Structure formats: C-alpha cells, structure tokens
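Taking the numbering used here as reference, the numbering of the sequence shown is continuous, increasing by one, and the terminal residue is 811.
Written out below as structure tokens is the structure these notes cover.
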Amino acid sequence: MRSQSEPAAAEPGAIARPPLVRELLLVAGLFLVYKFGRRLATGHTAEALHNAHRIWDLERTLHLPSEVDVQSALLHGDTLVHLANTYYATVHFPATLAFLVWLYLKRPAHYVWARRVLALVTAAALVLPFTFPLAPPRMLAASGLIDTARVYGPSVYGPPSSDHLSNQFAAMPSLHFGWALMVAIGLIVATRSRWRRLWLLHPAITLLVIVGTANHYWLDAIIATAMLGAALALVPPPHRTATTAGRGTRHLVSEEPALVGAGR
548 MRSQSEPAAA
558 EPGAIARPPL
568 VRELLLVAGL
578 FLVYKFGRRL
588 ATGHTAEALH
598 NAHRIWDLER
608 TLHLPSEVDV
618 QSALLHGDTL
628 VHLANTYYAT
638 VHFPATLAFL
648 VWLYLKRPAH
658 YVWARRVLAL
668 VTAAALVLPF
678 TFPLAPPRML
688 AASGLIDTAR
698 VYGPSVYGPP
708 SSDHLSNQFA
718 AMPSLHFGWA
728 LMVAIGLIVA
738 TRSRWRRLWL
748 LHPAITLLVI
758 VGTANHYWLD
768 AIIATAMLGA
778 ALALVPPPHR
788 TATTAGRGTR
798 HLVSEEPALV
808 GAGR
C-alpha cells in the first residue's frame, strides 16, 4: 500500500522536458551552423552569377510571377520598403528562437520534433552552396531589381568582397522562408486555437519580403519548401489521444506499441 507522501507515478506516455543546458547548447549550435556554416562555401563569384542567370531564365520558362512586380509594389512608398527591409533583418532569428522557447516550455514533445526538423533542414541547406552557388537577384543586372536594403536601409550585408560574416552566394534554398514555414506549421500542429492557421501569415509575409527586397528568387522558397517537406516526412510529430493540446490534460502516445507483460 503506497503512502500518501509517495510521489504519484508518471503518466503513461508522458514526455519529459529535455535538459535545459543541453538544449541551449544544441539550439546555439544550430544557429551558429546556420550563420557560419555557409562560409565554407564562399567564393565562386562567376559560377554564382552564371547560375543566377540560369535560375532567372528558368523562372521565366515556368511562367512564375516576376519578382519585379513584388518589388514595384514595395517601392510605392519609402515606409513600406523600409518595413520590408527591417522585417528581413530582424524577424528571422528572434521569431524562430521564440518559437523554440515556447515549445520547450509548453510542448516539450513538439519542441524535440521541431528542433530535429529544423536541424535536418539546416544541415541539408548547407550542402547546396557547395554544389550550386547562387547570387541573389539583387546582384543580377538582367533582373532589373535593386538592392532595397542598400538603398533604403537597414541592410545586414556589406559588399560581397569585404563581408566576412555571410556567404551572399548561397541564395538557394531560402532558410528565411523554410524556417518561417516551419514556425507556422509547428504552431498549427502544437495548438488547437481556431485562429492557429493565422500563423501562416508569417511565412507569407516572409516570402513577399525576401522576394520584394531582391534577396531571393521564387525558386529559393520552392526548394526550401521541398526540403522542409522531406524533413517532416522523416521526423513525424508526436501523436495525441483524446484531449487536445492547450486544453486540459494532454497525453502523448509513444510511436512504438507497448509490449504485453513488459517489465514483469
């Protein structure tokens, strides 16, 4: 007979929150890999510009909307283009970090899933600059686009020849868009608010921003979406039983069936 002071047994299938220090190191490593990993593939200016022409021509062949039209809409007023540049420069990292922190505190199982997906997408994205360096459309004279960040500010990039903190010839895929889409998907999966699909506004705005500021092509976002889809297929989300996330008690079910008589 168990004493009343004895702690209750853990709920079946409950997911413990991962150790904080370990997760801080893992997430910091993810951000550092994203920030500095592409530096290993710097250079290849001529090849990157050649590939930019190929991507631009391919988009016209596929009849994708012109990036020029999006930028023209932004350039109707200095305020709008400045907001777009600010969104590009300041929202990407903080939004993703806030997403991971919230999941860690409120949905530990979904946090582990989301962190694994983001790590897989980021690792895969670092391979492309080695095999397909790509200059952004703001560097492609044939596009007719301008570098809105340089003209209107704020800008996160310096001249490519002296910018030692980023590889500006790694436009494909767009992790700005890939991470934003994962944030929206993760919050939709982990919550049950009737308004949760509004989180899709974040990747939608991000897409218009990266294209309108001439930092990415449409195809950069398309490839990022394909990579995210593959990662999501490889890392399935945790399953839930009767009660929904964010309301009352949650029970997370293990993906592996329990063995009858196990532990006896």
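Virtual Cβ for every residue (Gly too), placed ideally from N, Cα, C.
All figures in this text were calculated on a predicted structure; none of them were measured in a lab.
Item	Value
Identified DSSP bridge partners for residue 717	681
Simplified DSSP assignment, three categories, for residue 763	coil
Residue 591, DSSP secondary structure in three states	coil
Three-state class that DSSP yields for residue 623 in the structure shown	coil
Residue 660: first and last residue of the uninterrupted alpha helix (DSSP H) it sits in	655–672
Straight-line gap, residue 704 to residue 696 (C-alpha atoms, nearest Å)	8 Å
Sequence-distant residues of the same chain with beta carbon closer than 6 Å to residue 783, five excluded per side	none
Assigned secondary structure, residue 790 (DSSP; H/G/I helix, E/B strand, else coil)	Its pLDDT being 40, under 50, residue 790 is placed unreliably by the model, and the measurement read from it follows with that caveat. Here residue 790 sits in coil by DSSP.
Proximity below 8 Å, CB of residue 681 to CB of residue 717	yes
Inter-residue spacing [alpha-carbon to alpha-carbon] between residue 692 and residue 637	22 Å
Other residues of its chain near residue 724: CB distance less than 8 Å, five sequence neighbours each side excluded	750, 753, 754, 757, 763, 767, 768, 771 and 772
Chain-order list of residues whose beta-carbon lies under 7 Å from that of residue 643 (same chain, five-residue window excluded)	726 and 730
CB of residue 667 within 8 Å of CB of residue 778, strictly	yes
Classification of residue 739 by the beta-carbon crowding that lies within 10 angstroms, buried from 16 upward	exposed
Beta-carbon proximity check, residue 570 vs residue 699, cutoff 8 Å	no
Segments of 4+ residues assigned as alpha helix (DSSP H) that fall wholly inside the region 730–777	748–759
Assigned secondary structure, residue 783 (DSSP; H/G/I helix, E/B strand, else coil)	coil
Chain-order list of residues whose beta-carbon lies under 7 Å from that of residue 663 (same chain, five-residue window excluded)	782
Contacting residues, own chain, Cβ-Cβ under 6 Å from residue 544 (five flanking each side not counted)	A query on residue 544 cannot be resolved here, the shown segment of the chain reaching from 548 to 811 and no further.
Alpha carbon of residue 592 to alpha carbon of residue 677, nearest angstrom	12 Å
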